[in-house]
Ligand SMILES: Nc1nc2c(ncn2[C@@H]2O[C@H](COP(=O)(O)OP(=O)(O)O)[C@@H](O)[C@H]2O)c(=O)[nH]1
Ligand SMILES: [Mg+2]
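Numbering (this note's numbering), first residue to last: 1003 to 1412.
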């Protein structure tokens, strides 16, 4: 659903009241800095995910899939390479550097025997938020041993079984394709779950994920990302969501929630920084803040220039054609702050106040001289987010459709 103001949760109203209290105490200049700091808070925490498993398990492919790194991207993990001497190697996506995936050397290899493994690694388990234990087949005694060490430290760990596509492909029983896939998945999951349960490592199978690293829209990949978001420490959840790519439905939903939640703060920042409104100039003074946030929407929802290039490759269609077919507008509106003002003056200025504005205006009125621009800023952001969200969902659905068509053709 597109961004709406009608059903703002109570915490936002509470947040606004708190903001106003802070503003009263701090005064406008300090308050702006305070708001900016709050908006950037998510950039000051890191999420660390350790990826463990034997060579060939699919670790590098999984790291690239989670970080959305593709060929030619800087820092992509090399796939299909047996690395025997390496120690822990860290990967990040330069566009969203707060999420780090750490590739661990396999336990029980000549260089890293089980005995003294963690001493040799030189890292403590406490440095990591999550552990992904990866295998392309059954989990080994070393995987189990690793899981037990993590469990002792009360850390989150998940079993990721890659190559599920191949297991389904290799299964020769007759019958409809979908039913066969379901059966194979059930059997594989059971064969993983039972020994883990017997060893007392896990007590339900929802921590087992069957995936194909080349198909994020299929099997358990989306559920894996959803679980990582859900299990993130509260203070890091926002960082996790904003550090993932917007390429599965649930991540898009979570991102939109966060972008909506910070909207009134951005509007406050924009309007509190403005001078007394100059007739005819409208949103000029606020434009820089709004423009920056609009670009952030595009980047977060995967429809900035880089995102569109990537989508056009995936859909095998020229980027100009893509823009035309889907009537994309955000790249035109957000070409510059000036263009944004022009667009806003036509589409936003005349709109009525929304309920948040009504709530906040009487209090703000006595504190900020340029308060008149707050509802304009809020409405501009709301319209921009609706536009970006609509475009992102349309394109995402198109990618999902093309994947489905490929599957049917195969
Ligand atoms: N079919 C299929 N191949 C995969 C999958 N994950 C990885 N691979 C392939 O398996 C091989 C080993 O993968 P890699 O990510 O390098 O494993 P690593 O040694 O654990 O880092 C490569 O040829 C990958 O392309 C998967 O889910 N399905
Ligand atoms: Mg590797």
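A virtual CB, placed ideally from N, CA and C, is assigned to each residue, including glycine.
From this set, the options, which residue's C-alpha is nearest residue i's C-alpha?
i, options, result
"residue 1155", "1106, 1398 and 1133", "1133"
"residue 1053", "1257, 1032 and 1152", "1152"
"residue 1395", "1266, 1258, 1196 and 1202", "1258"
"residue 1379", "1316, 1239 and 1296", "1296"
"residue 1092", "1065, 1110, 1196 and 1019", "1065"
"residue 1227", "1160, 1199 and 1273", "1160"
"residue 1089", "1096, 1099, 1102 and 1124", "1124"
"residue 1382", "1174, 1224, 1393 and 1294", "1294"
"residue 1046", "1334, 1245, 1249 and 1306", "1245"
"residue 1106", "1229, 1130 and 1098", "1130"
"residue 1167", "1390, 1185 and 1041", "1185"
"residue 1268", "1298, 1249 and 1256", "1298"
"residue 1234", "1321, 1196 and 1101", "1101"
"residue 1194", "1080, 1210, 1069 and 1147", "1210"
"residue 1085", "1108, 1175, 1220 and 1072", "1108"
"residue 1203", "1173, 1261, 1068 and 1144", "1144"
"residue 1138", "1104, 1191, 1126 and 1301", "1191"
"residue 1157", "1051, 1175 and 1338", "1051"
"residue 1327", "1314, 1338 and 1263", "1314"
"residue 1215", "1175, 1072 and 1147", "1072"
"residue 1413", "1173, 1023 and 1256", "Residue 1413 lies beyond the residue range present for the chain, which begins at 1003 and ends at 1412; the question has no answer from this structure."
"residue 1141", "1207, 1118, 1055 and 1067", "1055"
"residue 1344", "1307, 1292 and 1306", "1292"
"residue 1099", "1068, 1127 and 1128", "1068"
"residue 1116", "1136, 1147, 1104 and 1016", "1147"
"residue 1405", "1197, 1128, 1118 and 1220", "1220"
Determine the contact status of residue i and residue j, defining contact as a CB-CB distance below 8 Å.
i, j, result
"residue 1059", "residue 1164", "yes"
"residue 995", "residue 1044", "Nothing about residue 995 can be reported from this structure: the residues present for the chain run from 1003 to 1412 only."
"residue 1213", "residue 1162", "yes"
"residue 1274", "residue 1034", "yes"
"residue 1316", "residue 1401", "yes"
"residue 1187", "residue 1387", "no"
"residue 1393", "residue 1330", "yes"
"residue 1037", "residue 1271", "yes"
"residue 1041", "residue 1238", "no"
"residue 1218", "residue 1249", "yes"
"residue 1334", "residue 1289", "no"
"residue 1096", "residue 1070", "no"
"residue 1391", "residue 1324", "no"
"residue 1321", "residue 1311", "yes"
"residue 1170", "residue 1149", "no"
"residue 1057", "residue 1081", "no"
"residue 1433", "residue 1332", "No answer is possible for residue 1433: it lies beyond the span of the chain, which begins at 1003 and ends at 1412."
"residue 1114", "residue 1122", "yes"
"residue 1260", "residue 1397", "no"
Identify the continuous beta strand (DSSP E) that holds residue i and give its terminal residues.
i, result
"residue 1241", "Looking at the DSSP string, residue 1241 is not in any beta strand (DSSP E); the run it does join, the alpha helix (DSSP H), is 1236-1245."
"residue 1269", "First-last for residue 1269: 1265-1274, but that is the alpha helix (DSSP H), not the beta strand (DSSP E)."
"residue 1319", "That residue, residue 1319, is in no beta strand (DSSP E); it is neither H nor E in DSSP."
"residue 1133", "1132-1137"
"residue 1210", "1210-1212"
"residue 1162", "1158-1163"
In the DSSP output, what is residue i paired with across the bridge?
i, result
"residue 1105", "1053 and 1091"
"residue 1111", "1114"
"residue 1098", "1095"
Just curious, the alpha helix (DSSP H) that residue i is in, first and last residue?
i, result
"residue 1120", "1119-1123"
"residue 1174", "Unbroken run through residue 1174: none, as it is neither H nor E."
"residue 1231", "1223-1233"
"residue 1340", "1339-1349"
"residue 1289", "1289-1302"
"residue 1128", "Element bounds for residue 1128: n/a, residue is neither H nor E."
"residue 1030", "1030-1042"
"residue 1068", "1061-1069"
"residue 1206", "It is not in any alpha helix (DSSP H) - residue 1206 carries neither H nor E in the DSSP assignment."
"residue 1333", "1332-1335"
"residue 1150", "1143-1154"
So that I know if they touch, is there some Cβ in chain B lying closer than 8 Å to that of residue i?
i, result
"residue 1195", "Protein chains in the displayed structure number just one, and chain B is not present."
Check your reading: residues with Cβ closer than 7 Å to ligand 2 heavy atoms: 1057, 1061, 1062, 1079, 1080, 1081, 1083, 1085 and 1105
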